[in-house]
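Trainee:
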Amino acid sequence: MAKKSGTKKRTAPSAPKGFVILKDVVSMFRLPPTLKSEDAQKTTNIKVVTTYDIQEKGFAETTAKTMSLTKETLGKTKKFFVEPYDIIISAAGTIGKIAIIPETLKGNIFPITTLLVIRFHENKEESAIALLLYLKSVAGQKVIKKMITGKSIKILNIGTMAKMGVPELSADVKKKALSTFKKIQGLHQKIEDTKTAISELEAGYWT
């Protein structure tokens with residue numbers, strides 16, 4: 049009997065005790081892959097956040113691209129705009145890069161089609177930070193890795209990720225996450241300050 053060909057379908061690992069299913073606490077979406085810049089007389093330029101905008105410190109504070117859309121198309125797709133404290137995660141190619149959309153990123157912004165968007169509807173900031181830290185952790189990255197499919201092109205399916213188990217975001221979990229995240233941001237600031245100090249020393253060496 050011949051073996052069936054094709055890529056084996058991955059499933060999200062079951063949620064252990066103290067965990068919940070992701071789709072039960074968030075909504076998720078992805079920009080339709082068919083949505084592209086339109087060549088028309090009257091279009092509006094919309095900012096697009098991409099994987100390249102994801103920073104190590106956990107934010108996406110820039111937009112690398114723009115997309116030109118007609119008023120008609122924009123009216124149909126504006127529901128895909130990101131909001132402050134949405135989590136974005138790269139789901140194709142380089143998978144597992146994660147960031148939060150900060151309040152400082154202004155204007156109407158689409159996520160590039162290779163990003164998944166995770167949105168909390170209550171306690172958005174605290175919940176987003178807590179989930180971000182789990183997804184960036186060794187444990188979270190192991191779970192994500194198990195859900196990846198594809199050989200030549202790696203893919204993280206939104207339906208599979210929606211079924212993954214994540215820690216229940218209790219008050220204690222969120223309190224710990226906020227404290228940890230604050231320390232991380234402080235360390236990243238020290239790195240930036242150190243880089244600036246090094247550049248100043250190098251620049252002023254021979255004057």
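Residue numbers for the sequence shown follow this note's numbering, so the first one is 49 and each next one is one higher. All C-beta atoms in this analysis are idealised placements derived from N, C-alpha and C, irrespective of residue type, glycine included.
Can we say the stretch 98 to 111 touches the stretch 196 to 204, given the rule of at least three CB pairs closer than 8 Å?
Mentor: no
Trainee: Buried or exposed, going by whether 16 or more other CB atoms sit within 10 Å of the CB of Gly207?
Mentor: Indexing the sequence shown from 1 puts residue 207 at position 159. Gly207 comes out exposed.
Trainee: Measure the alpha-carbon distance for His236 versus Ile246 and round it to whole angstroms.
Mentor: Here the question's residue 236 lines up with position 188 in the sequence shown. Here the question's residue 246 lines up with position 198 in the sequence shown. Using only the alpha carbons, I get a separation of about 15 Å.
Trainee: With respect to the alpha helix (DSSP H) encompassing Val186, which residues constitute its N-terminal and C-terminal limits?
Mentor: Locating residue 186 in the sequence shown gives position 138, where the first residue counts as 1. It spans Val186 to Met195 - the alpha helix (DSSP H) in which Val186 sits, taken as one unbroken run.
Trainee: On a Cα-Cα basis, can you pick out the residue from Ile146, Asp220, Lys126 and Lys127 that is closest to Ser135?
Mentor: As a first step, residue 135 must be located in the sequence shown, where it is residue number 87. Here residue 135 turns out to be Ile, not Ser, going by the sequence shown. Just measuring C-alpha positions, the residue of Ile146, Asp220, Lys126 and Lys127 sitting nearest Ile135 is Ile146.
Trainee: Provide the residue(s) that pair with Phe107 in DSSP beta bridges, ordered along the chain.
Mentor: Position 59 of the sequence shown, counted from the first residue, corresponds to residue 107. According to DSSP, Phe107 bridges with Ile148.
Trainee: Please determine, among Thr82, Gly252 and Lys202, the residue with the shortest C-alpha to C-alpha distance to Leu117.
Mentor: The sequence position of residue 117 within the sequence shown is 69, counting from 1. Per the Cα distances, Thr82.
Trainee: Would Pro159 be called buried (16 or more neighbouring beta carbons within 10 Å of its own) or exposed?
Mentor: Position 111 of the sequence shown, counted from the first residue, corresponds to residue 159. Buried.
Trainee: Please list the terminal residues of the continuous alpha helix (DSSP H) segment that includes Ser75.
Mentor: Within the sequence shown, numbered from 1, the residue matching residue 75 stands at position 27. Not the alpha helix (DSSP H): Ser75 falls in the beta strand (DSSP E), residues Ser75 to Phe77.
Trainee: DSSP state of Lys126, grouped into three classes?
Mentor: The sequence position of residue 126 within the sequence shown is 78, counting from 1. DSSP places Lys126 in helix when its eight states are reduced to three.
Trainee: Compare the Cα-Cα distances from Gln103 to each of Met115, Gly188, Gly144 and Phe129 and report the closest residue.
Mentor: The count along the sequence shown starts at 1 and reaches residue 103 at position 55. Here the closest residue by C-alpha is Gly144.
Trainee: Near Val74, what residues of its chain come up, given a Cβ to Cβ distance below 7 Å and the 5 sequence neighbours on each side ignored?
Mentor: Walking along the sequence shown from the start, residue 74 turns up at place 26. Within the same chain, Val74 has close Cβ partners Ile166, Arg167 and Phe168.
Trainee: Around the C-beta of Val186, are 16 or more other C-beta atoms found within 10 angstroms, so that it is buried, or is it exposed?
Mentor: Stepping through the sequence shown from its first residue, residue 186 is reached at position 138. Its Cβ having fewer than 16 others within 10 Å, Val186 is exposed.
Trainee: Could you give the first and the last residue of the continuous alpha helix (DSSP H) run that contains Gly234?
Mentor: By 1-based counting over the sequence shown, the position of residue 234 is 186. Note, Gly234: alpha helix (DSSP H), Ala219 to Ala251.
Trainee: Should the stretch 212 to 225 be regarded as contacting the stretch 175 to 192, the criterion being three or more beta carbon pairs within less than 8 Å?
Mentor: yes
Trainee: Which one or two residues does DSSP pair with Phe158 in a beta bridge?
Mentor: Position 110 of the sequence shown, counting from 1, holds the residue named residue 158. Per DSSP, the beta bridge partners of Phe158 are Val96.
Trainee: Helix, strand or coil, according to DSSP, for Gly213 in the structure here?
Mentor: For the purposes of this step, residue 213 is taken as residue 165 along the sequence shown, with counting starting at 1. Gly213: strand per DSSP, three-state reduction.
Trainee: Beta-carbon within less than 6 Å of Phe77's beta-carbon, same chain only, minus the 5 sequence neighbours each way: which residues are those?
Mentor: Reading the sequence shown from its first residue, position 29 is the one you call residue 77. Val165, listed in sequence order.
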